[in-house]
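Reading through the structure tokens given below for one structure.
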Amino acid sequence: MAIDFDIPPEAKAIRERVRQWVHDECKPAEKKVTSKEAYKQVLADLRAKARAQGLWNPFVPKEYGGMGLGPLANALVQMELGESFLGALSMNTQGPDDATIMTLIAHGSEFQKEKYLKPLLNGEKRICYSMTEKASGADATGMQTRAEKKGNSTYVLNGEKWFSSAASVADIALVMAKTNPDAPRHQQFSTFLVELPNPGYRIVRDIETMAAHTEIGDIMGGGHSEVRIENLEVPAENLLGGEGNGFNMGQHRLAYGRLRHGMHNVAMAQRALDLAVEYITKRETFGKKVADRQGVQWMIAECASQLYIARLMLMHIAYKAEKGLDLRQENGIAKVFLANMVHKVVDTAIQLHGALGYSMDTPLARWYTGIRAQRLVDGPDEVHKWTTGRNVIKAFQKYGTTASAAGGDLL
Ligand SMILES: Cc1cc2nc3c(=O)[nH]c(=O)nc-3n(C[C@H](O)[C@H](O)[C@H](O)COP(=O)(O)OP(=O)(O)OC[C@H]3O[C@@H](n4cnc5c(N)ncnc54)[C@H](O)[C@@H]3O)c2cc1C
Numbered sequence: 006m007a008i009d010f011d012i013p014p015e016a017k018a019i020r021e022r023v024r025q026w027v028h029d030e031c032k033p034a035e036k037k038v039t040s041k042e043a044y045k046q047v048l049a050d051l052r053a054k055a056r057a058q059g060l061w062n063p064f065v066p067k068e069y070g071g072m073g074l075g076p077l078a079n080a081l082v083q084m085e086l087g088e089s090f091l092g093a094l095s096m097n098t099q100g101p102d103d104a105t106i107m108t109l110i111a112h113g114s115e116f117q118k119e120k121y122l123k124p125l126l127n128g129e130k131r132i133c134y135s136m137t138e139k140a141s142g143a144d145a146t147g148m149q150t151r152a153e154k155k156g157n158s159t160y161v162l163n164g165e166k167w168f169s170s171a172a173s174v175a176d177i178a179l180v181m182a183k184t185n186p187d188a189p190r191h192q193q194f195s196t197f198l199v200e201l202p203n204p205g206y207r208i209v210r211d212i213e214t215m216a217a218h219t220e221i222g223d224i225m226g227g228g229h230s231e232v233r234i235e236n237l238e239v240p241a242e243n244l245l246g247g248e249g250n251g252f253n254m255g256q257h258r259l260a261y262g263r264l265r266h267g268m269h270n271v272a273m274a275q276r277a278l279d280l281a282v283e284y285i286t287k288r289e290t291f292g293k294k295v296a297d298r299q300g301v302q303w304m305i306a307e308c309a310s311q312l313y314i315a316r317l318m319l320m321h322i323a324y325k326a327e328k329g330l331d332l333r334q335e336n337g338i339a340k341v342f343l344a345n346m347v348h349k350v351v352d353t354a355i356q357l358h359g360a361l362g363y364s365m366d367t368p369l370a371r372w373y374t375g376i377r378a379q380r381l382v383d384g385p386d387e388v389h390k391w392t393t394g395r396n397v398i399k400a401f402q403k404y405g406t407t408a409s410a411a412g413g414d415l416l
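Be aware that the sequence shown starts at 6, since it is given in my numbering, and climbs by one per residue.
See the structure below:
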């Protein structure tokens, strides 16, 4: 029997609608984002229009007011949204909010869902995630921030966080802290919902990064914050998922975030390749179109191969998710591949644009400096490869072949 690559008609239909939405509404609206006020208005208008058309919270179950898309349809939708910086925002499926919405749906109490989840689902509030500290990142179990119980009704948190994305535009922070230093390593930490602004959660600065300082970046705000946590009082009812469960919930959150970045990368890389080919098919050097050089054709062939592999990986992972199969190995492999893929394709597109690619007159330079972070966030390349490699060895030891850890179940 042949492998069936047909996308179910309803998933195809929703992808078409979102593709059109991004092309007809989001991309033209990008040009209107010329000031902070204009950005707020553009986004509000886009969101009202998207929501009226039922394009809202794609993966959120219908009973929570979302579109209830399964992993495959959601992956197809996200692969379209990444083409515009307004895409995910317009449908209220932007990071880091999206993964936290998942966590709240899975682990939130009725009180927490009413008070914190509802405004997030309505796009009225934003939420950030504060796990990483200067003291610990790749190995998050090194976190030093402490949460100590005061009576029965309050926790008091002290410590520091850094690289909390979007903290300066967030209304709520999800903060991880150590509640029990004597518990086993992965059960020492808990997660708290913190209302912002809050005197106990002080944003020291938005950290200057290598991401290009652009007008749009300034307008949209929400950099990556360094945070001082000092005598931060959190009501016990804001403890999410019970004491000691912070780490498990964090991992659940990161698993989706990893894939979402990768899905958006496909759209960005596709747009970069389109821009490159548009340029080289017009530009002439030494009496010939740049596109007619074989060396250049090889460069774009390499980009096409990378995009093809990326799409296949994501579709295979979506298939496994639909079937409820274990996809951890594929997720780790794809996370690393997709981050490097987008880097390679955007880099090639810059090269083929010459000085224009290095300028800010195309989006390529901005993308290039932004996407470098993807090899670090949600676990650096090396940590994923470390796990992947160990799984390959384990597979060999168990089955006498590494195939099951190298996509072998496709065959
Ligand atoms: C743009 C951006 C946004 C971010 N957003 C958030 C956010 O919203 N919330 C949040 O909590 N965090 C966030 N982070 C932090 C991010 O999750 C961490 O940077 C990441 O986990 C790596 O931790 P670290 O920077 O402390 O690196 P370290 O832990 O210091 O590691 C440094 C390097 O050592 C190597 N390394 C580490 N461990 C191993 C190993 N086992 N084997 C081989 N090599 C290894 C890797 O090359 C790694 O890059 C963000 C980071 C960036 C850059």
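From the three backbone atoms N, C-alpha and C, an ideal C-beta is built for every residue, glycine too.
Please work out which residues of its chain come closer than 8 Å, Cβ to Cβ, to residue i, disregarding the five sequence neighbours upstream and downstream, and give them in chain order.
i, result
"L369", "A277, L280, V351, A354, I355, H358 and G362"
"Q117", "L109, L198, E242, N243 and L245"
"G300", "none"
"V282", "A296 and I305"
"E335", "M318, H321, I322, K325 and G412"
What does a CB cutoff of less than 6 Å around residue i pick up in its chain, not counting 5 residues either side in sequence?
i, result
"S230", "S169, A172, S173, I208 and D211"
"A57", "none"
"A175", "R131, I132, C133 and L201"
"L237", "L162, G205 and Y206"
"R371", "A217 and T219"
"M318", "A339"
"K155", "V161"
Sort the options by Cα distance to residue i and report the nearest one.
i, options, result
"K139", "K166, V301 and E115", "K166"
"L381", "A344, A16 and V397", "A344"
"A309", "Q275, K328, K325 and I110", "Q275"
"G164", "G147, K155 and N157", "G147"
"L51", "F10, I234 and L91", "L91"
"F10", "A411, Y373, A323 and D331", "A323"
"R265", "P14, E68, A34 and Q83", "Q83"
"I338", "E327, A315, K349 and A360", "A315"
"A111", "A145, N396, Y69 and N97", "Y69"
"A152", "P186, D331, E387 and G267", "P186"
"R233", "K67, T137 and A18", "T137"
Work out the CA separation of residue j and residue i for me, nearest whole Å.
i, j, result
"D383", "K293", "44 Å"
"A55", "A104", "20 Å"
"R190", "W26", "46 Å"
"K36", "A43", "10 Å"
"G405", "G412", "15 Å"
"A408", "M320", "19 Å"
"Y284", "V295", "9 Å"
"A378", "L125", "26 Å"
"A400", "L94", "41 Å"
"V38", "E289", "34 Å"
"I12", "N62", "21 Å"
"R298", "T286", "11 Å"
"A145", "N250", "14 Å"
"M96", "E119", "21 Å"
"N396", "D366", "45 Å"
"I398", "R333", "15 Å"
"E307", "A360", "22 Å"
Report the CB separation of residue i from residue j in whole angstroms; it is logged as a contact under 8 Å.
i, j, result
"G262", "P101", "7 Å"
"R20", "L74", "Between L74 and R20 the Cβ distance is about 10 Å, and since that is not below 8 Å, they are no contact."
"V180", "S135", "5 Å"
"K41", "I224", "5 Å"
"E235", "T184", "In fact, because the Cβ distance is near 18 Å, the residues do not count as touching under 8 Å."
Output yes or no for whether 8 Å exceeds the beta carbon distance between residue i and residue j.
i, j, result
"V341", "H389", "yes"
"T159", "A182", "no"
"G128", "L122", "no"
"Y206", "A178", "yes"
"A272", "E88", "yes"
"T196", "M254", "yes"
"V23", "E85", "yes"
"V65", "G71", "yes"
"A78", "A16", "yes"
"Q311", "K349", "yes"
"P385", "A143", "yes"
"T393", "M215", "no"
Leaving out five residues before and five after residue i in sequence, what residues of the same chain have Cβ atoms less than 7 Å from its Cβ?
i, result
"M268", "A80, Q83, M84, G87 and L319"
"Q99", "A93"
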